[in-house]
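Reviewing the structure listed below.
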Amino acid sequence: MKAGTGKPILWIVIPCYNEEEVLPVTAPLFLGQTEKMIASGKISDKSRILYVNDGSDDRTWQIITELSRKDPHYIGISQSRNRGHQNAVLAGLMEAKEHCDITISIDCDGQDDIAAMDKMVDAYLDGAEIVYGVRSDRSTDTFFKRFTAESYYKLLRRMGAEVVYNHADYRLISARALDELADFHEVNIYLRGMVPIVGFPSAKVYYERHERAAGKSHYPFMKMLKLAFDGITSTSAKPISIIAVTGIIVSVLGFIGIIWAIVMAAIGKTVVGWASLVCIVCFLGGIQLLAIGVIGEYIGRIYLETKQRPRYIISERTWEPYERHYKG
Numbered sequence: 118m119k120a121g122t123g124k125p126i127l128w129i130v131i132p133c134y135n136e137e138e139v140l141p142v143t144a145p146l147f148l149g150q151t152e153k154m155i156a157s158g159k160i161s162d163k164s165r166i167l168y169v170n171d172g173s174d175d176r177t178w179q180i181i182t183e184l185s186r187k188d189p190h191y192i193g194i195s196q197s198r199n200r201g202h203q204n205a206v207l208a209g210l211m212e213a214k215e216h217c218d219i220t221i222s223i224d225c226d227g228q229d230d231i232a233a234m235d236k237m238v239d240a241y242l243d244g245a246e247i248v249y250g251v252r253s254d255r256s257t258d259t260f261f262k263r264f265t266a267e268s269y270y271k272l273l274r275r276m277g278a279e280v281v282y283n284h285a286d287y288r289l290i291s292a293r294a295l296d297e298l299a300d301f302h303e304v305n306i307y308l309r310g311m312v313p314i315v316g317f318p319s320a321k322v323y324y325e326r327h328e329r330a331a332g333k334s335h336y337p338f339m340k341m342l343k344l345a346f347d348g349i350t351s352t353s354a355k356p357i358s359i360i361a362v363t364g365i366i367v368s369v370l371g372f373i374g375i376i377w378a379i380v381m382a383a384i385g386k387t388v389v390g391w392a393s394l395v396c397i398v399c400f401l402g403g404i405q406l407l408a409i410g411v412i413g414e415y416i417g418r419i420y421l422e423t424k425q426r427p428r429y430i431i432s433e434r435t436w437e438p439y440e441r442h443y444k445g
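For the sequence shown, the numbering used here gives the first residue as 118, with consecutive numbering after it.
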């Protein structure tokens with residue numbers, strides 16, 4: 118163990134974007150849970166709560182720096198600009214892996230059950246390198262959100278993606294597993310699909326999700342839709358295969374239609390078909406535009422990957438405020 122005492126060092130990685138309302142509410146909860154696990158002998162006193170400021174434009178970073186002055190268990194890093202939730206989580210994990218034995222990533226809004234960390238650490242001590250926090254029910258969600266979320270997980274599985282059903286980004290990962298995750302260099306990040314690919318012994322911890330402790334969600338419908346699409350295109354190439362199969366089917370139907378038209382013309386039974394012609398043209402045009410759009414999305418992602426731009430840039434750290442930034 119890095120602690121040198123047999124107790125694992127835990128870094129809790131918490132991404133934050135414009136969370137000035139919720140931070141004062143949930144920060145004491147995270148500290149209380151950390152101190153509880155330290156007191157029980159599960160983790161080392163060198164464990165830390167790492168806040169990742171994702172380019173917030175409110176007082177989030179100021180609050181993080183104030184917390185770090187009050188208690189050494191609080192630390193923070195700040196990205197140079199907003200890069201999105203997945204990049205913020207990755208930045209925190211990569212920062213933490215050199216200093217700890219295990220990490221637990223969790224959102225700062227208090228919706229995920231903080232007490233489940235006890236079971237996660239227990240599972241790690243029993244041999245699991247990755248422990249997934251899985252929602253036992255979605256009763257706090259609206260019907261629409263519950264239906265779309267569950268349908269999405271099923272769709273991802275059908276697409277061949279290795280995802281854990283009803284798991285978001287609440288998980289424990291060992292430093293050993295993080296070392297392997299660091300070798301994944303893609304710019305289009307979808308951690309829910311990337312982490313299972315790493316492998317290693319894993320376990321699941323089930324918990325109930327609560328209402329947000331304070332403030333408003335920063336994940337409106339359009340952002341959720343974008344994350345869902347990122348998940349599909351980042352973990353599966355099946356949409357391209359679906360387009361190919363659809364193209365074959367439409368081509369066969371079109372070929373049959375041509376034969377039918379020739380036969381009808383030959384026997385003199387042609388019918389004026391303006392409406393049917395327009396419907397066919399619109400249908401085929403829609404299929405073609407959809408196919409071009411999906412293929413274009415994949416090509417655009419390939420273009421971004423070839424640039425090899427940094428996925429995050431750390432501009433500040435609470436413990437080394439004048440250190441030069443780090444790119445990852």
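Think of the CB as a built atom: it goes at the ideal place given N, C-alpha and C, for glycine as much as any other residue.
In this text the structure is predicted, and so the values were computed from the model without any measurement.
Determine the DSSP secondary structure at residue i, reduced to helix, strand or coil.
| i | result |
| --- | --- |
| TRP436 | coil |
| LYS321 | strand |
| SER253 | coil |
| PRO141 | helix |
| HIS284 | strand |
| ASN204 | helix |
| HIS196 | Checking the sequence, you will find Gln at residue 196 rather than His. If DSSP states are grouped into helix, strand and coil, GLN196 belongs with the strands. |
| VAL304 | coil |
Within 10 angstroms of its Cβ, does residue i collect 16 or more other Cβ (buried), or is it exposed?
| i | result |
| --- | --- |
| THR435 | buried |
| GLY121 | Because the pLDDT of GLY121 is 48, which lies under 50, any placement of that residue in the model is unreliable, and the question is left without a value. |
| ARG428 | buried |
| ASP224 | buried |
| LEU308 | buried |
| GLU440 | Residue placement at GLU440 cannot be trusted, given a pLDDT of 46 that sits under 50; the coordinates are not used to answer. |
| ASP296 | exposed |
| TYR249 | buried |
| THR423 | exposed |
| GLY316 | exposed |
| LEU298 | buried |
| GLY158 | exposed |
| GLY413 | exposed |
Verify the contact flag: residue i, CB atom, against every heavy atom of the ligand COA, threshold strictly below 7 Å.
| i | result |
| --- | --- |
| GLU137 | As for the ligand COA, it is missing from this structure, which has no ligand bound. |
One question on the structure: do residue i and residue j come within less than 8 Å of each other, judged by their Cβ atoms?
| i | j | result |
| --- | --- | --- |
| GLU212 | LEU167 | yes |
| GLU303 | SER253 | no |
| ASP188 | LEU148 | yes |
| MET234 | ILE247 | no |
| SER161 | ILE131 | no |
| VAL322 | VAL251 | yes |
| TYR241 | SER291 | yes |
| ALA232 | GLN150 | yes |
| GLN203 | ILE306 | yes |
Is there at least one Cβ from chain D nearer than 8 Å to residue i's Cβ?
| i | result |
| --- | --- |
| GLN196 | Although the question refers to chain D, the structure presented lacks it and comprises just one protein chain. |
Give me the residue from the options with the minimum Cα distance to residue i.
| i | options | result |
| --- | --- | --- |
| SER197 | ASN170, TYR191, ILE181, ASP175 | ASN170 |
| ILE181 | THR143, LEU210, TYR415, SER161 | THR143 |
| PHE301 | ILE397, SER291, ILE314 | ILE314 |
| ASP239 | THR177, ILE397, LYS124, THR423 | LYS124 |
| GLU215 | ASN305, ASP226, HIS202, ARG293 | ARG293 |
| ARG288 | ALA299, LEU401, ASP230 | ASP230 |
For residue i, which residues of its own chain have a beta-carbon under 8 Å away from its beta-carbon, when the five flanking residues on both sides are left out?
| i | result |
| --- | --- |
| ILE194 | LEU167, TYR168, VAL169, ASN170, ALA208, GLY209, GLU212, ILE431, GLU433, ARG434, THR435 |
| ILE192 | ARG165, ILE166, LEU167, TYR168, SER185, ARG434, THR435, TRP436 |
| ASP243 | ALA320 |
Only counting the same chain, and skipping five residues up and downstream in sequence, which positions put a Cβ closer than 6 Å to that of residue i?
| i | result |
| --- | --- |
| MET311 | PHE301 |
| ALA245 | PRO318, SER319, ALA320 |
| ARG426 | none |
| TRP128 | ARG165, LEU167, ALA213, CYS217, THR220 |
| GLY172 | GLN196, ARG198, ASN199 |
| ILE155 | ASP162 |
Residues in the same chain with beta-carbon distance under 7 Å from residue i, minus the five sequence neighbours each way, listed in chain order, please.
| i | result |
| --- | --- |
| THR177 | CYS133, ASN135, GLU136, GLU137, LEU140, ASN170 |
| HIS442 | Confidence in HIS442 is poor, its pLDDT being 49 and thus under 50, which makes the residue's placement unreliable; the coordinate value appears in the next sentence. Closer than 7 Å at Cβ, skipping near neighbours: SER197, ILE430, ILE431, SER432. |
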